[in-house]
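In my numbering, the protein residues as written are 29 to 341.
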């Protein structure tokens with residue numbers, strides 16, 4: 029609940045699983061870079077809360093539990109932070125690669141239990157099922173190719189048991205989302221940015237169904253062959269005219285594009301965190317939006333955008 033002593037929500041107020049949240053959250057994956065300076069990682073999350081960020085995206089496979097442990101110790105009950113985790117892969121510290129698929133129902137359940145223990149929670153507010161049948165990122169093979177209905181059955185059972193509050197999807201196809209709608213999906217995380225808008229039809233479906241759209245790789249460029257928002261000349265020109273960075277303009281465009289968009293930009297740097305949150309204050313008029321909307325979109329994913337052992341979002 030926002031009180032007089034609570035900062036305004038970063039980027040304004042959005043909705044996630046029926047709860048009001050800041051439209052700009054925090055993607056915690058990069059906190060692993062601060063493994064040797066745990067105090068700095070905690071301080072970064074405390075700074076995010078001070079800036080009005082009240083939802084955080086994580087996973088047990090981020091740093092093999094390190095990131096979840098930092099989240100547990102950084103946030104206080106009065107911060108009102110909604111924790112969103114994901115399952116579908118497990119840490120593989122003896123790798124490379126550092127991750128391995130964990131798509132089978134019993135693995136999904138074990139991953140939820142691991143998240144609960146590491147986060148120190150009785151219930152995870154939202155858990156995203158990370159499918160591995162879309163690029164970019166880790167791919168499922170052999171017995172890791174599991175039917176979506178079988179996965180949703182165990183996710184729904186854990187929701188009924190109270191272990192998770194709501195179910196989201198990540199790395200999902202349009203047909204997969206349509207199949208999953210009866211399960212009560214509250215958010216979708218797919219790779220999406222101003223310069224890679226291949227999932228526009230899925231975004232419109234989410235808007236119609238009041239499902240939060242939470243893009244990962246919101247600035248592109250995370251894999252070889254993926255375009256970067258900051259490299260686009262139209263974005264650069266808009267940024268220069270407004271006195272902001274191209275990255276900030278790319279984030280601002282996402283917020284203006286559809287009201288159900290929530291952002292989870294990640295960083296391990298306090299100055300970068302401040303810049304990401306500041307993107308929520310940028311106003312884009314109709315002329316500027318028209319220019320940005322006209323930017324050519326590349327395919328969302330491609331075979332050239334593969335990096336073994338990496339999972340987006």
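The beta-carbon is built from N, C-alpha and C at its ideal position, and this holds for glycine as well. It should be emphasised that the depicted structure is a prediction, and the values quoted were computed from it without experimental measurement.
Proximal residues to residue i (C-beta, below 7 Å), its chain only, five neighbours per side dropped
i	result
residue 94	60 and 63
residue 68	62
residue 66	98
residue 326	223, 224 and 255
residue 286	231, 235 and 241
residue 87	113 and 114
residue 221	243, 245, 246, 247, 248, 257 and 278
residue 44	83, 110, 154, 214, 215, 240 and 290
residue 280	307, 310 and 312
residue 317	284
Neighbourhood of residue i by C-beta distance below 6 Å, restricted to the same chain and skipping five residues each side
i	result
residue 77	107
residue 73	102
residue 46	none
residue 82	49, 50, 108 and 109
residue 80	35, 36, 37, 38 and 50
residue 199	158, 159 and 162
residue 172	129 and 131
residue 184	211
residue 100	147 and 148
Minimum Cβ-Cβ distance from residue i to chain C less than 8 Å
i	result
residue 240	Although the question refers to chain C, the structure presented lacks it and comprises just one protein chain.
Counted within 10 angstroms of its Cβ, other Cβ atoms place residue i as buried (16 or more) or exposed
i	result
residue 91	buried
residue 56	buried
residue 146	buried
residue 39	buried
residue 295	buried
residue 37	buried
residue 51	buried
residue 269	exposed
residue 293	buried
residue 324	exposed
residue 320	buried
residue 315	exposed
residue 148	exposed
residue 333	With a pLDDT of 36 at residue 333, under the threshold of 50, the modelled position of that residue is not reliable, and the figure given next carries that caveat. With 16 or more other Cβ atoms within 10 Å, it is buried.
residue 119	buried
residue 196	buried
residue 85	buried
residue 310	buried
residue 188	exposed
residue 227	buried
residue 53	buried
heavy atom of the ligand ATP below 7 Å from residue i C-beta
i	result
residue 257	Of the ligands one can find in the structure shown there are none, so the ligand ATP has no counterpart to examine.
Cβ-Cβ separation, residue j to residue i (assumed contact under 8 Å), whole Å
i	j	result
residue 236	residue 258	That belief does not hold up - the Cβ atoms of residue 236 and residue 258 are roughly 31 Å apart, past 8 Å.
residue 111	residue 152	6 Å
residue 247	residue 278	5 Å
residue 41	residue 48	5 Å
residue 182	residue 136	5 Å
residue 308	residue 283	6 Å
residue 122	residue 89	With a Cβ gap of about 14 Å, residue 122 and residue 89 do not count as contacting.
residue 211	residue 180	5 Å
Cβ shell of residue i (< 8 Å), same chain only, five flanking positions each side left out
i	result
residue 322	262
residue 178	133
residue 209	237
residue 267	273, 274, 276 and 277
residue 298	71, 72 and 75
residue 174	131, 132, 133 and 168
Three or more C-beta pairs under 8 Å: does that hold for the segment 190 to 204 against the segment 160 to 179? yes
How do the segment 290 to 303 and the segment 257 to 267 stand: do at least 3 beta-carbon pairs fall below 8 Å, yes or no? Put simply, the segment 290 to 303 does not touch the segment 257 to 267. Fewer than three CB pairs are less than 8 Å apart.
Do the segment 131 to 149 and the segment 180 to 194 meet, that is, are 3 or more Cβ pairs less than 8 Å apart? yes
At which residue ranges does the segment 197 to 255 contain complete alpha helix (DSSP H) runs of 4 or more residues, listed in the order of the chain? 202 to 208 and 228 to 236, all fully within the segment 197 to 255.
Quick check on the DSSP output: what are the complete alpha helix (DSSP H) runs of length 4 or more inside the segment 263 to 290, in order along the chain? 274 to 285
Three-pair Cβ contact test at 8 Å for the segment 162 to 182 versus the segment 127 to 137: yes
Segments assigned alpha helix (DSSP H), at least 4 residues, entirely inside the segment 52 to 100: 66 to 78
Determine, using beta-carbon pairs with one atom in the segment 214 to 221 and one in the segment 167 to 181, whether at least three such pairs fall under 8 Å. Not touching, per the Cβ criterion.
Taking the runs of the beta strand (DSSP E) that are 3 residues or longer, which of them lie wholly in the segment 99 to 137? The segment 99 to 137 contains these whole beta strand (DSSP E) runs: 110 to 115, 117 to 119 and 127 to 129.
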